[in-house]
Structure formats: C-alpha cells, structure tokens
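Student: Once you've had a glance at the structure underneath, I'll fire off some questions.
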Amino acid sequence: MDSTQTIPRQFRTAVVPAAGLGTRFLPATKSVPKELLPVVDTPGIELVAEEAADAGADRMIIVTSPEKQSVAEHFAECPELEDTLARRGKFDLLERVRRAPKLLEVETALQPRPLGLGHAVLQAESSLAADETAIAVLLPDDLVGSGVLETMAEVRRRWGGSVLCAIEVPHNQVSAYGIFDVAAATDTPDVLRVNGMVEKPAVEDAPSNLAAAGRYLLDRAIFDALRRITPGAGGEYQLTDAIALLIAENHPVHVVIHRGPRHDIGTPTGHLRAAVDFALQREEYAGPLRDWLLQRLGVGE
Ligand code: UTP
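Position 176 of the sequence shown, counting from 1, maps to 1443 under this note's numbering, and the rest follow consecutively.
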C-alpha cells in the first residue's frame, strides 16, 4: 500500500493573494496583471497553481481586486481555441492550453481595495469548509518549485501550528527582506522554531540571515488573529503582524529552510532571471538562447 495514503492531508485549499497593485512592474501592470506575465510561455499564476496542485491542494482561491478578475480566466476552458488547435493537428499546443483548467478547482475572493496582504488572506475565510483546519498561502511573486509545501505539511503534522518558509540570503542583503528570529527546536537542522520576525532590519540588527519566502501553511487561527491586528505603515494589515500575535500567544510557528532554486518574479530583474533560467531548462529554447547569450556577453570570443 502507498504509505502516503495513510498520512492525513494538512490542507486542501491554496490561497493566492493577487490583488496588489504591482507598482514595481509598471508600466506593464497598467493593464496586465503581473500574475499573467509569462515566464517564457506560461503565466506565473499557472506555475504557482501547478506547485499547489503538486503539494496536494485541490482548490485554489485567488484573491483579486475588481480590476484583476482576468487572472482567474486563465483557468477557464477555451472550447473554440481547443477545437481549432485539434483541427490543425497542433496537439502539443492543445495539451498546454488544457493544462491550467485541469490542475485544480479555481475560485476567486474579492479584495475591494489593496489594504495589505493580511487583509487579502482574510477575504478567503468565508470560502473555506468548516472542517478545513489550515490553508496554504502562496505569494505568486515567489517561485520556489515543488517540494517545499510538502515539507511544510510534514512539519505541521509533527509539531502542529503554522509553518513558514525561509531562504538564506547574504548577510549584507538582509535589509531588503523580512528576517526571521529563530531558535533550534527540532531534530532537523532545516526546521527551526520562529520567535519573531523583523521587517527589513539594518545589517547589524538582523537576528539571522533567513528571509521570508512567500509560502505559508497557516492554521485557521490566523483568521482570528487577522481580525485583531491594527493596520501598520500605509494603512495596510500585515500578515506578519497576525503571525507575531499567534507567536505571542504560544501558537507553535516553525520555519522550513528552502535550499533549492527561488525566483522573485515581482520585479523586472527577477522576472528576467526566472525567464532565462526556465528557458535554459527547456529543450526547445535552451540551445539557441545559450548561443545568443554567450555571443551577446562576448564569452569565448
Ligand atoms: P507586494 O506588495 O509584494 O506586491 O505584495 P504588490 O503590491 O502586488 O506589488 P508592488 O509592491 O506594488 O510592486 C505581496 C503579495 O500580496 C498581494 C500582492 O498581489 C502580492 O501577491 N497583495 C498585496 C494583495 O493581494 N493585496 C494587498 O492589499 C497587498
């Protein structure tokens, strides 16, 4: 018997907050939601949906603003397009077009105004079933590949509570990130207990070089905490304030250190890097791109 079948699932809904303004990607994001910008040929939102589905989610709630409803449309079936591709014998493209709608069930929750990430997550609560004790939250700006959420689910199964995800960053770059204050508390070096979090600390004040990456496995208690926090800078309700409240009330919070690849596709530089990295892994693009890059950079001339 497959042993994974006996492990209770820790979550079945993935919440993807996508109601932000995307100002770091202007002017592209004037009319195109950044979650639809393609990494090579696939919108970022599909890559995130694939990661969630691989981790066992069967439903994704995209939190959108009134202006960004088109993000969810990527998951609708397109019978006319599919018929045309089939008639033309373009079966590889047909396969790719059909992928997104098949990954998992997609719903939206509306965040009427961008009142912060914490407020965005809170909008998903009313869509959850009564027996859902935890949710996964995936920030679509961060691409971490498959595997991390599975490890986080295993940590929640063993220690309960909520589980966050961190990447190691160079010490001199800590002031660009939310940095974890941690303590060893488990038998696994890459799983630590979280005592707190500091937003963008000065290098000398940073409690570690572990930066928050956009994956969270949150106990349902997060919604109650989100209702009890007050807005911070810019009038935004911060998810980290609600997590800090849970920690102060002795709710167990652990962090899993992710050591695999990670891309921040919320900025043009990070997005470009991701596109090059992904293209170099695709047989149909890798060869010509590599040759062009070497020539462009004058390598080997
Ligand atoms: P960010 O602040 O990093 O992204 O929010 P942003 O607001 O979209 O982009 P910039 O900073 O203006 O360039 C992190 C995540 O939280 C979502 C964003 O869509 C993003 O996925 N978010 C943020 C919301 O859904 N609602 C909000 O009110 C704020």
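Note that the Cβ used here is the ideal one computed from N, Cα and C, for glycine as well. A quick note: this is a predicted structure, and the numbers were derived from the prediction, not measured.
Can you grab the Cα-Cα spacing for the pair Pro1437 / Asn1476, in whole Å?
Tutor: Rounded to whole angstroms, Pro1437 to Asn1476 spans 7 Å at the Cα level.
Student: For Thr1280, does the three-state DSSP call read helix, strand or coil?
Tutor: Three-state DSSP puts Thr1280 in a strand.
Student: Throw me the rounded Cβ distance for the Leu1416 and Ala1541 pair, which I believe falls under 8 Å.
Tutor: Leu1416 to Ala1541, Cβ: 19 Å. No contact.
Student: Would you say Gln1378 touches the ligand UTP, meaning its beta carbon is less than 7 Å from a heavy atom?
Tutor: Checking the Cβ of Gln1378 against the ligand UTP gives yes.
Student: Return helix, strand or coil for Ser1429, following the three-state DSSP convention.
Tutor: Residue state, collapsed to three classes: strand.
Student: Going by other Cβ atoms of all chains shown within 10 Å of its Cβ, with 16 needed for buried, is Ala1285 buried or exposed?
Tutor: So Ala1285 ends up on the buried side.
Student: Which partner residues does Tyr1483 have in the DSSP bridge list?
Tutor: According to DSSP, Tyr1483 bridges with Val1404, Leu1431.
Student: Could you tell me if the beta carbon of Pro1310 falls within a distance shorter than 7 Å of some heavy atom in the ligand UTP?
Tutor: No.
Student: Give me the Cα-Cα distance between Asp1544 and Arg1365, rounded to the nearest whole angstrom.
Tutor: Their backbone Cα atoms lie some 24 Å apart in a straight line.
Student: Are the Cβ atoms of Pro1300 and Ser1337 separated by less than 8 Å?
Tutor: Yes, these two residues count as a Cβ contact at 8 Å.
Student: In terms of residues, what are the limits of the alpha helix (DSSP H) holding Ile1510?
Tutor: Here the alpha helix (DSSP H) through Ile1510 covers 1506–1515.
Student: On the DSSP bridge assignment, give the partners of Pro1310 in chain order.
Tutor: DSSP, once it has assigned bridges, lists Pro1305 as partnering Pro1310.
Student: Any heavy atom of the ligand UTP closer than 7 Å to the Cβ of Val1299?
Tutor: For the ligand UTP, not one heavy atom lies less than 7 Å from the Cβ of Val1299.
Student: Does DSSP put Asn1462 in a helix, in a strand, or in coil?
Tutor: Correct three-state label for Asn1462: strand.
Student: To the nearest angstrom, how far is the alpha carbon of Gly1356 from that of Thr1455?
Tutor: C-alpha separation (whole angstroms): 51 Å.
Student: When you compare the CB positions of Glu1399 and Arg1487, do they come within less than 8 Å of one another, or not?
Tutor: Cβ atoms of Glu1399 and Arg1487: closer than 8 Å.
Student: Let me make sure I understand the geometry here. Which of Val1282, Glu1471, Val1430 has the alpha-carbon closest to that of Asp1325?
Tutor: When each option's Cα is compared against that of Asp1325, the closest is Val1282.
Student: Tell whether a beta-carbon distance below 8 Å holds between Phe1292 and Ile1402.
Tutor: No, these two residues do not count as a Cβ contact at 8 Å.
Student: Kindly indicate the opening and closing residues of the beta strand (DSSP E) around Phe1447.
Tutor: Unbroken beta strand (DSSP E) run through Phe1447: 1445–1451.
Student: Helix, strand or coil, according to DSSP, for Glu1344 in the structure here?
Tutor: The answer is coil: DSSP assigns Glu1344 none of H, G, I, E or B.
Student: Give the list of continuous alpha helix (DSSP H) stretches no shorter than 4 residues that lie fully inside the stretch 1508–1563.
Tutor: As far as the stretch 1508–1563 is concerned, its whole alpha helix (DSSP H) runs of at least 4 residues are 1535–1547, 1550–1563.
Student: Among Ala1433, Ala1339, Ala1478, Ile1329, which one has its Cα closest to the Cα of Gln1440?
Tutor: Nearest C-alpha to Gln1440: Ala1478.
Student: May I ask which residues mark the beginning and end of the beta strand (DSSP E) holding Arg1326?
Tutor: Its beta strand (DSSP E) spans residues 1326–1331.
Student: In the structure shown, what three-state DSSP assignment does Glu1421 receive?
Tutor: DSSP places Glu1421 in helix when its eight states are reduced to three.
Student: Give the secondary structure of Glu1372 by DSSP, where H, G and I count as helix, E and B as strand, and everything else as coil.
Tutor: Residue state, collapsed to three classes: strand.
Student: Over what stretch of residues does the alpha helix (DSSP H) that includes Ile1489 continue unbroken?
Tutor: Per DSSP, Ile1489 belongs to the alpha helix (DSSP H) from 1488–1495.
Student: Just checking my contact of Glu1374 with Ser1394 at CB under 8 Å: how many whole Å lie between their CB atoms?
Tutor: With 8 Å as the limit, Glu1374 and Ser1394 qualify as a contact, their Cβ atoms being about 6 Å apart.
Student: Keeping to the same chain, check which residues put their C-beta closer than 6 Å to that of Ile1524; ignore five residues upstream and five downstream.
Tutor: Closer than 6 Å at the Cβ level, and outside the excluded window around Ile1524, lie Ala1433, Asp1457.
Student: For Ala1478, list the residues DSSP reports as bridge partners.
Tutor: Answer is Ile1434, Ile1446.
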